[in-house]
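J.: Okay, here's the structure, questions in a sec.
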Amino acid sequence: MLKTVRFMRRVSFMLWGISLAALLSACGHSLPPPDAGEPKAWVVENVASKSTAQLYADVIAPAVFERSSSKVIDGYTVESGNLRMPDGAMGALVTVRSADGSLIALINTPKKNGVLLINANGERRFESDPKHDDLTSDGILSPDKSDRPGKTSGMNVESPRVVDIFVGYSRAAADWARDPRAHAVAQVESINLSLRNSLVTNVSFKVVGIQVVEQEYLLTEETLERLTSIFAEGIKKSEPDLVFGFFPLKVGNIPGQAGGWAHMPGRIAIGSVANSTIFRHEIGHNAGGDHCNDEGVADYHFGYHNGSSGELMCQKGSAPVYSNPQLKDASGRPWGNAVTADMARVWRENAERLSSYSHVVLGAPKNFRFVAASLKSIHFRWDSTPRAVRYEMWGRDRVSLEPKRFGTSNTTDGFVHNPPSGLNPYHVVAIYFDGTESPESNVVQAKPHETFANEDQ
Ligand SMILES: [Zn+2]
3 MLKTVRFMRR VSFMLWGISL AALLSACGHS LPPPDAGEPK AWVVENVASK STAQLYADVI
63 APAVFERSSS KVIDGYTVES GNLRMPDGAM GALVTVRSAD GSLIALINTP KKNGVLLINA
123 NGERRFESDP KHDDLTSDGI LSPDKSDRPG KTSGMNVESP RVVDIFVGYS RAAADWARDP
183 RAHAVAQVES INLSLRNSLV TNVSFKVVGI QVVEQEYLLT EETLERLTSI FAEGIKKSEP
243 DLVFGFFPLK VGNIPGQAGG WAHMPGRIAI GSVANSTIFR HEIGHNAGGD HCNDEGVADY
303 HFGYHNGSSG ELMCQKGSAP VYSNPQLKDA SGRPWGNAVT ADMARVWREN AERLSSYSHV
363 VLGAPKNFRF VAASLKSIHF RWDSTPRAVR YEMWGRDRVS LEPKRFGTSN TTDGFVHNPP
423 SGLNPYHVVA IYFDGTESPE SNVVQAKPHE TFANEDQ
């Protein structure tokens, strides 16, 4: 049972028409303990030859996987769906498999919550979620007026919106996750799965950039408020709507230690990299949702516990859902109340706000230009392109042949090595986080340096 912590934080909340209980309340981060006797780390032989299902089968047993999505994001195969226990109880599984065979899986069942990590060598570990303090409030009123809730409620509620999110990591958090790109993709897919389960059809999330910083930070309110400075470089490049920071929980089970913090509502949140569900929970605060509506006030911005099971905002269990009175759990009890707990409505009404923080205009790289040429390479440069994670230089061996990729670059400088002789057309495209590409830049005619004696040919 959760208790509600109440105290006056700021006065300005009154202007927002949110009850005090909606601003600060206890956070349910308690999850079942890991199964006793389960090995934490072991090795899978010949991992690349195994199917993804073979890699997680023993960890999800006896649950059955009900896959509801499968897609490829820049070389990663991303699958998600619910886990169905023999008694009908619901859990969740998100898998992200890379081309080298490595896997990251977020696994949530009523008895097990954690992250399965397998590297390309087959070294496998299952990390159970750490226990966090139930009484810690982790939702903070944002001082930023653009976070004001209901800004666009009632307008275009059903038009689909994509929330572009940046995910930052400290070095220790990135090392824990082994592949932070795969980890970010997994976390974002977990929120998309939860939204689908909650019958929220007008909003989904997409990663637009990540960054790893060397310095370590504690999971505190102070870190939350500094978040956009900590990841200033990655935010500038990716121009996201929302910003999330993952940091390790240095020591487990500290009284008063929250697993994460978030503006409620807002666009920034942080969480423990070692917690499989904190991302879904904290972003739920960004949407405008609070924990359990213990007092039963007439305000639907709350999670829900129906006596047998909770959801992501209230006594966060394994079920990948946000409160919605239209949903029922395995026992037939509703997972929400239209008056006191309807996070699905909160999501629908905040979709436009959440997806409108960024006003980025995507387009072709501009000002693609020749810099210099040597016998064996041509040096090009171009202007920085919003959200590009890398660039590809294209050209033709002969004007009559199809374009081919001559090289990639992580900066706005690039070298075409061993170019064909003579004057040929070149261009550059920007590649985004999900592997899609921008339109082509302007074309530049260029050739390698040629000596009088043509010694290099
Ligand atoms: Zn919370």
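Residues in the sequence shown are numbered consecutively from 3, following the working numbering.
The C-beta atom is built at its ideal place from N, Cα and C for all residues, glycine as well.
All values reported here derive from a predicted model rather than from experimental measurement.
#1: Skipping 5 residues on each side, what residues in its chain have a beta carbon closer than 6 Å to that of N277?
#2: Throw me the rounded Cβ distance for the V117 and F168 pair, which I believe falls under 8 Å.
#3: V430 and F382 - do their beta-carbons sit closer together than 8 Å?
#4: Excluding five sequence neighbours on each side, which residues of the same chain lie with their C-beta closer than 7 Å to the C-beta of K464?
#5: Do you know offhand how far K378's Cα is from V418's?
#6: In the DSSP output, which residue or residues are listed as bridge partners for A448?
#7: Kindly indicate which three-state DSSP category M87 falls into: helix, strand or coil?
#8: Pairing CB atoms from the stretch 329-339 with CB atoms from the stretch 404-420, are three or more of them under 8 Å?
#9: Going by DSSP in three states, Y306 sits in which element: helix, strand or coil?
#10: May I ask whether a heavy atom of ligand 1 can be found less than 7 Å away from the beta carbon of H185?
#11: Regarding G141 and ligand 1, is the C-beta to nearest heavy atom distance less than 7 Å?
#12: Report the three-state DSSP secondary structure of Q317 (helix, strand or coil).
#13: Where does Q189 fall in DSSP's three states?
#14: So the candidates are R389, G236, S443, E394; which of them puts its Cα closest to the Cα of D436?
#15: Going by C-alpha distance, which of G93, Y78, T54 is nearest E68?
#16: Would you mind working out which of D177, R269, R99 sits nearest S148, comparing C-alpha positions?
#17: Taking F435 as part of the beta strand (DSSP E), name the residues at either end of that continuous run.
#18: Is it the case that the Cβ atoms of I62 and L95 are separated by a distance below 8 Å?
T.: Let me lay it out:
#1: D131, G261
#2: Contact doesn't hold; Cβ gap of about 21 Å is too wide.
#3: yes
#4: For the chain, the structure presents residues 3 to 459; residue 464 sits outside this window and is missing.
#5: 8 Å
#6: Partner residues in the beta bridge of A448, as assigned by DSSP, are N426.
#7: coil
#8: no
#9: Note: Y306 maps to coil in three-state DSSP.
#10: no
#11: yes
#12: If DSSP states are grouped into helix, strand and coil, Q317 belongs with coil.
#13: Collapsing the DSSP output to three states places Q189 in a helix.
#14: R389
#15: Of the candidates G93, Y78, T54, the one whose C-alpha sits nearest the C-alpha of E68 is G93.
#16: If we check each option's Cα against that of S148, R269 comes out closest.
#17: Note, F435: premise wrong, no beta strand (DSSP E); not H, not E.
#18: The answer is yes: Cβ separation under 8 Å.
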